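Novice: In the numbering used here, the protein residues as written are -3 to 101.
Built from N, CA and C at the ideal position, the CB exists for glycine as well.
Values in this document were obtained by computation on a predicted structure and should not be read as measured data.
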């Protein structure tokens, strides 16, 4: 599994510490909310809503520069739309990785 990093955020910020910190603050705020929504939809077996949660989280994964994990999230989202849960474990491992990384920021 690829590892989360701030390369994309640093590139976007163009050396602006203020912008970089705003991006990090947004991630710190939104990530737990989106993860909670994902797990709640999954628990309630709301597959369509779960795929929508994965769609949102997929973009967080991209911001953290995790190309392989982004692809897994994209495939998992498609699987959910077809009523299948293949790649759930891999997707959730990515969630744990970005949560832990975010908590260290």
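1. To the nearest angstrom, how far is it from the Cα of residue 94 to the Cα of residue 54?
2. Give the C-beta separation of residue 43 and residue 90 to the nearest angstrom, bearing in mind that I take them to be a contact with Cβ-Cβ under 8 Å.
3. How long is the line joining the alpha carbons of residue 32 and residue 52, rounded to whole angstroms?
4. Just to confirm the assignment, what range does the alpha helix (DSSP H) spanning residue 19 have?
5. Return the chain-ordered ranges of every alpha helix (DSSP H) run that is complete within the segment 45 to 71 and spans a minimum of 4 residues.
6. Residue 1 by DSSP, collapsed to three states: which one?
Specialist: Answer, in terms of the structure:
1. Mapped onto the chain shown, residue 94 falls at position 98. Mapped onto the chain shown, residue 54 falls at position 58. Roughly 11 Å separates the two Cα atoms.
2. Along the chain shown, read from residue 1 onward, the residue named residue 43 stands at position 47. Along the chain shown, read from residue 1 onward, the residue named residue 90 stands at position 94. That pair is no contact at about 19 Å.
3. What you label residue 32 is simply residue 36 of the chain shown in a count that begins at 1. What you label residue 52 is simply residue 56 of the chain shown in a count that begins at 1. If you take the alpha carbons of residue 32 and residue 52, they lie about 12 Å apart.
4. For the purposes of this step, residue 19 is taken as residue 23 along the chain shown, with counting starting at 1. Counting along the chain, the alpha helix (DSSP H) containing residue 19 begins and ends at 13 to 39.
5. none
6. As a position in the chain shown, residue 1 is number 5, starting the count at 1. Coil, per DSSP.
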